[in-house]
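Asks: My structure is below; once you've seen it, I'll send some questions.
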Amino acid sequence: MVTVKATKKGIEIIDQKRRKKDWNKKDFRWCKEANVSESTLGRFWRRIPIQTEAFRYICEAVNFQEWETIIENDSSYEKQLKTDFFAYNDNWVGREELLKKLLIKAENNCRVLIIAGMTGIGKTALAERLIIDLQSDYLKSDWTKLIAENFDHQDQNRNFTTIAAKWLELMGKTLDIDQRNDPEFLLAELLKNLQNNRYLILMDAVEEILVGDQEKGWSNFQEIWWDKLFTGLLTANYCQSLIILTSQDLPTKIAAIGSRYPNFWYCENLTGLSQIEQLDLFNKIGLEVKINDTIDNYLIRIGKIYEGHPLALKLIGGEIAEKPFNGNIAAYWQKYSAEFEKVEKAIAEAKEQMISRDDNLKIHSYNRLLQRNVELRLQRTLERLEKEVKVAYVLLCETSVYRRAVSEKFWLSHLQFWKFSQPQKDQAIDILRDRYLIEDVIENNQDLVRQHNLIRSIALEKLQTLENDHD
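When we follow the numbering used here, the leftmost residue of the sequence shown carries the number -18, and every step to the right adds one.
Have a look at this one:
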């Protein structure tokens, strides 16, 4: 499929031509005359490559026959696309072994690859970095075979028919109005295209199109058509394409179907950066990191408090690098040492005092940067949990009193006096697992559960309100 885009001068020429016809930039008459969709016309104006045939008809519809003269001879589309990535940037560090593992999965018949984890842990950045590594061998450097969909955009239409129609048009298919509104037709065409051609699709923030209840189960797609799409991909005799999903929740239907086809799907539970990766990140941000230095130790302590959470560490590192600190790590520590040492004290005391309702951690919100970028994300995650699965929300808040990992029975005992059914109580902890809000750890040969410090910090705040309401 040959695709082209217009030069900047070419866009100016076409703009003049359409003004003479008194058409707006997405005029329905233009779409009809050129036999293209409104979204294709929109991509033309944004200088995103479209099929040569569509490009020609768009130009000829406004009486411009010399369409070949305004095609940009551009071999830098790959570079252009990279700059449009949502999360990946030059501050990327680490994850080398994980990337190698995911590359092997992607290049060996994997059809559905899920990167899951808590908000801000780096899922999108990892997915985009993986795509860059796949572009040469998997995509053969043809970026037109990449389709990216971010469901975190609140103003976009997220229903299956809208998304599927858009994807098919990006694949070069022209759809009439009836076809665009027929989910069964769109599903069949999408499966056919994905099976017979090599495409790489990124579905980002998939938790936004998941929903759950007691009867139908938790973390299901809001529309059955998504279930049918992934069922079709995993059960097909062959498939040339790969869909990468990032999500705070594990889509349970994919996991259920995928369990029968282990070679065709994989889920990676993403955790924080290692200590070395944390220091590399601070170094890339522009901080002077010296091994075995007292100042360096401050950064290690901050990294430990946040358990390698990339978003939080980027924000903190960026704040240290800018005014008024200008890279003075000691000055930053001095300003916020009370907050940091409070958390360190709670961690140190955990062995002797397992439970504390009075740990006022505030590590998600001690300054405005964290409030805007970390706290808001965490608040949204917990609000969604409270709305969809109240029993799991209650369990998360109740167990935030634990300073260290404990057994499941300790956690479940906190639901004893809450008026939930026994089946609801039994499911609560697994729901938290599926939403990556708790972690399983092995300590002294015991299987225990714990909360990430950031999750615990905000859950402790919620606990106060919860207890007041319960009383």
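We put the CB at the ideal spot given by N, CA and C, even for glycine.
1. Please return the same chain residues whose Cβ sits closer than 8 angstroms to the Cβ of Phe245, not counting the five positions on each side in sequence.
2. Note down, in chain order, each residue of its chain lying with its Cβ closer than 6 angstroms to the Cβ of Leu37, except the 5 sequence neighbours on either side.
3. Using a Cβ distance threshold of 8 angstroms, determine whether the region 385 to 393 contacts the region 422 to 434, with at least three qualifying pairs required.
4. Report the CB separation of Val43 from Arg(-1) in whole angstroms; it is logged as a contact under 8 angstroms.
5. Can Ile31 and Lys(-14) be called in contact, C-beta distance under 9 angstroms?
6. Judging by CA-CA distance, which residue of Asn264, Ser228 and Pro164 is the nearest neighbour of Lys209?
7. Given Ala373, which residues of its chain have a CB within under 7 angstroms of its CB, disregarding the five upstream and five downstream residues?
8. Between Asp185 and Phe141, what straight-line distance do the alpha-carbon atoms span, to the nearest angstrom?
9. What does the alpha-carbon distance come out to for the pair Trp124 and Ile113?
10. Whose CA, out of Leu151, Ala145 and Pro291, lies closest to the CA of Leu172?
11. Taking the Cβ atom as the reference point for each residue, do Met99 and Tyr417 lie within a distance shorter than 9 angstroms?
12. Which residues bound the alpha helix (DSSP H) around Ala142?
13. Could you tell me the alpha carbon to alpha carbon distance between Ser402 and Lys371, rounded to whole angstroms?
14. Could you spell out the range, first to last residue, of the beta strand (DSSP E) harbouring Tyr247?
15. Residue ranges of each alpha helix (DSSP H) run of no fewer than 4 residues wholly in the region 75 to 106, ordered along the chain?
16. Would you mind giving the Cβ-Cβ distance between Ile(-5) and Cys40, rounded to the nearest angstrom? I have them listed as a contact below 8 angstroms.
17. Would you kindly work out how many angstroms separate the C-alpha atoms of Leu223 and Ile439, rounded to a whole number?
18. For the alpha helix (DSSP H) containing Glu19, list its first residue and its last residue.
19. Checking the sheet assignment: what are the DSSP bridge partners for Asp421?
20. Which residues in the same chain as Ser18 place their Cβ atom closer than 6 angstroms to its Cβ, once the five residues preceding and following it in sequence are excluded?
21. With the cut-off set at 9 angstroms, would you say Leu447 and Cys378 are in Cβ contact?
22. Helix, strand or coil for Asn307, going by three-state DSSP, please let me know.
23. Is Ile266 near Ala302, with beta carbons less than 9 angstroms apart?
24. Go ahead and label Ser57 buried or exposed: buried means 16 or more other beta carbons lie within 10 angstroms of its beta carbon, across all protein chains shown.
25. When you compare only the Cα positions, how much space is there between Thr233 and Phe211?
26. Taking all protein chains shown into account, do 16 or more other C-beta atoms lie within 10 angstroms of the C-beta of Val422, making it buried, or fewer, making it exposed?
27. Based on Cα-Cα distance, which residue from Thr252, Gln334, Asn354 and Asn264 lies nearest to Ala97?
28. What beta strand (DSSP E) runs, 3 residues minimum, are completely inside the region 208 to 264?
29. Does the distance from the C-beta atom of Ala129 to that of Leu83 stay below 9 angstroms?
30. According to DSSP, is Asn354 helix, strand or coil?
31. Using 10 angstroms around the beta-carbon of Leu62, count the other beta-carbons present and answer buried if the total reaches 16, otherwise exposed.
32. Using C-beta distances below 7 angstroms, list every residue in its chain close to Leu455, excluding the 5 sequence neighbours before and after it, in chain order.
33. Apart from the five residues just before and just after Glu420, which ones in its own chain have a Cβ nearer than 6 angstroms to its Cβ?
34. Quick one: what does DSSP say Tyr383 is sitting in, helix, strand or coil?
35. Taking the C-alpha atoms as reference points, what is the distance between Asp8 and Arg361?
36. By DSSP's criteria, Asp185 is part of a beta bridge. Which residues make up the other side?
Replies: Concretely, from the data shown:
1. Counting only residues of its own chain and dropping the five nearest sequence neighbours on each side, Phe245 has a CB closer than 8 angstroms to the CB of Asn90, Cys91, Arg92, Val93, Leu214, Leu215, Cys220 and Gly239.
2. Correcting the residue type first, residue 37 is Arg in the shown sequence and not Leu. Taken in chain order, the residues that qualify are Trp48.
3. Short answer: they touch.
4. At roughly 5 angstroms, the Cβ-Cβ gap stays under 8 angstroms, so Val43 and Arg(-1) are in contact.
5. In contact: Ile31 and Lys(-14) (Cβ atoms closer than 9 angstroms).
6. Considering only alpha carbons, the answer is Pro164.
7. These residues qualify, in order along the chain: Leu366, Ala409, Ile412 and Leu413.
8. Linking Asp185 to Phe141 through their CA atoms gives a straight-line distance of about 15 angstroms.
9. Cα to Cα, Trp124 sits roughly 10 angstroms from Ile113.
10. With distances taken between CA atoms, Leu172 lies nearest to Ala145 out of Leu151, Ala145 and Pro291.
11. Cβ atoms of Met99 and Tyr417: closer than 9 angstroms.
12. Note that residue 142 is Thr in the sequence shown, not Ala. For Thr142, the enclosing alpha helix (DSSP H) has its first and last residue at Phe141 to Leu151.
13. The straight-line gap from Cα to Cα measures roughly 12 angstroms.
14. For Tyr247, the enclosing beta strand (DSSP E) covers residues Trp246 to Asn250.
15. With a minimum length of 4 residues, the continuous alpha helix (DSSP H) runs that stay inside the region 75 to 106 are 77 to 88.
16. Sure, about 6 angstroms apart at Cβ, within 8 angstroms.
17. If I take the Cα positions, the gap works out to 36 angstroms.
18. Looking at the DSSP string, the run of the alpha helix (DSSP H) that includes Glu19 is Glu19 to Trp26.
19. Paired residue(s): Val430.
20. Leaving aside the five residues that flank Ser18 on each side, the residues in its chain whose CB is nearer than 6 angstroms to its CB run, in chain order, Glu150.
21. Against a cut-off of 9 angstroms, the Cβ pair of Cys378 and Leu447 comes out as a contact.
22. Coil.
23. Cβ atoms of Ile266 and Ala302: closer than 9 angstroms.
24. Summary for Ser57: the model assigns pLDDT 43, below 50, so the residue's position carries little reliability, and this model does not support an answer.
25. Across the structure, Thr233 and Phe211 are spaced so that their CA atoms are roughly 12 angstroms apart.
26. By the Cβ-count criterion, Val422 is exposed, with fewer than 16 other Cβ atoms from all chains shown falling within 10 Å of its own Cβ.
27. Nearest to Ala97 by alpha-carbon distance, out of Thr252, Gln334, Asn354 and Asn264, is Thr252.
28. Whole beta strand (DSSP E) segments, 3+ residues: 223 to 228 and 246 to 250.
29. No, Cβ-Cβ distance for Ala129 and Leu83 is not below 9 angstroms.
30. Asn354 falls in the helix class under three-state DSSP.
31. Its pLDDT being 46, under 50, Leu62 is placed unreliably by the model, and nothing is read from it.
32. The structure shown does not extend to residue 455, since the chain is modelled only from -18 to 452, so the question has no answer here.
33. So the qualifying residues of the chain are Arg431.
34. Shown here, Tyr383 sits in a strand according to DSSP, grouped into three states.
35. Roughly 38 angstroms between the two C-alpha positions.
36. Answer is Asn131, bridged to Asp185.
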